Every structure is written in C-alpha cells, then in structure tokens.
Amino acid sequence: MSDATAMHEAAGALLVITTVDDGEIAAALAREAVEQRLAACVHILPPGRSVYLWEGQVEEAQEHTLLLKTSGERYQALEAWLAARHPYETPEIIAVPISAGLPDYIDWIRECTQ
Numbered sequence: 103m104s105d106a107t108a109m110h111e112a113a114g115a116l117l118v119i120t121t122v123d124d125g126e127i128a129a130a131l132a133r134e135a136v137e138q139r140l141a142a143c144v145h146i147l148p149p150g151r152s153v154y155l156w157e158g159q160v161e162e163a164q165e166h167t168l169l170l171k172t173s174g175e176r177y178q179a180l181e182a183w184l185a186a187r188h189p190y191e192t193p194e195i196i197a198v199p200i201s202a203g204l205p206d207y208i209d210w211i212r213e214c215t216q
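Residues are numbered in our numbering as their position in the sequence shown, beginning at 1, plus a constant of 102.
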C-alpha cells in the first residue's frame with residue numbers, strides 16, 4: 103500500500119487526549135465512552151506528573167492520560183460528553199488527526215463508533 107493510500111484510509115480517524123487525577127474516574131469515563139460508541143477504544147496511561155499554569159500559579163499534579171480513538175463524525179459528541187462529565191473546570195480535550203494507520207484498525211474505529 104502506498105503512503106497516499108494509507109493516509110486516505112486514515113482520514114477522519116482521531117486520537118483524543120484528556121487527563122484526570124483519579125484512576126476510578128478515568129476507568130469510568132473510558133468504559134462509558136466505549137459503551138456509548140463515542141470511542142472505539144480508550145487506553146489509560148499510568149499516572150504521570152503534569153506541570154501547568156493555573157490562575158497565575160505553577161501547579162503540579164499526578165494525572166492519568168486517556169487516549170481515546172474515535173471517528174471524525176463522533177468527535178463533537180465525544181467532546182460535549184467529556185466536557186459535561188469531566189471533573190476539571192477547564193479540561194484538556196484535544197484531538198489529533200490520525201494521518202496514517204493500519205486500514206483494518208481504522209475501519210474498526212469507524213465501525214465501533216457508528
């Protein structure tokens with residue numbers, strides 16, 4: 103498969119990233135996102151240290167990073183859903199386009215989020 107074909111195959115698939123400071127909340131968000139077909143898969147990373155600026159102060163926290171795989175068609179619904187349930191006042195919710203990937207995996211993301 104050519105690079106152009108792989109990129110075309112992945113068009114519309116997204117990797118959405120968010121963080122939370124509680125492992126149980128991370129697990130609950132992951133499960134519900136998959137159950138509601140907002141994400142095909144959610145990978146929860148072990149806690150890591152975040153350093154950030156908040157209200158003029160440098161803060162540090164232990165946070166779990168969630169990597170949610172979804173389709174472009176479901177992003178707006180996923181974003182709204184996450185924002186409504188997220189424990190943070192201004193949560194990190196960012197989407198990174200998947201520019202290339204195994205076609206079967208990209209198709210699986212689309213199928214799971216329909």
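We treat Cβ as the ideally placed atom computed from N, Cα and C, and that holds for glycine.
As the structure is a prediction and not an experimental result, all values here were calculated from the model.
Close beta carbons around residue i, own chain, < 6 Å, minus the five adjacent residues each side
i    : result
E181 : I195
R176 : L140 and T215
H110 : Confidence at H110 is low in this model, with a pLDDT of 46, below 50, so the placement of that residue is unreliable and no value is reported for it.
V198 : L117
Where residue i falls, given that 16 or more other Cβ within 10 Å makes a residue buried
i    : result
T78  : Not covered by the structure: residue 78. The range shown for the chain is 103 to 216.
T192 : exposed
V118 : buried
Distance, residue j Cα to residue i Cα
i    : j    : result
A115 : L204 : 11 Å
A185 : T120 : 10 Å
V144 : Y154 : 24 Å
D209 : E162 : 38 Å
T107 : L170 : Only weak support is given to the placement of T107: the predicted model assigns it a pLDDT of 48, under 50, and the value that follows is read from those uncertain coordinates. Looking at the two C-alpha atoms, the distance is approximately 24 Å.
T172 : Q138 : 12 Å
G125 : W183 : 19 Å
Y207 : G174 : 15 Å
E134 : A113 : 25 Å
Y190 : A202 : 32 Å
Under 8 Å between C-beta atoms of residue i and residue j
i    : j    : result
V136 : H166 : no
A142 : I200 : no
Own chain residues within Cβ distance below 7 Å of residue i, not counting five before or after
i    : result
A74  : Absent from the structure is residue 74, since the part of the chain shown begins at 103 and ends at 216.
I146 : A128, A129, A132, H166 and L168
E68  : For the chain, the structure presents residues 103 to 216; residue 68 sits outside this window and is missing.
E213 : none
Where residue i sits in the DSSP three-state scheme
i    : result
I195 : coil
I200 : coil
A128 : helix
Own chain residues within Cβ distance below 8 Å of residue i, not counting five before or after
i    : result
Q164 : D123, P149, G150, R151 and S152
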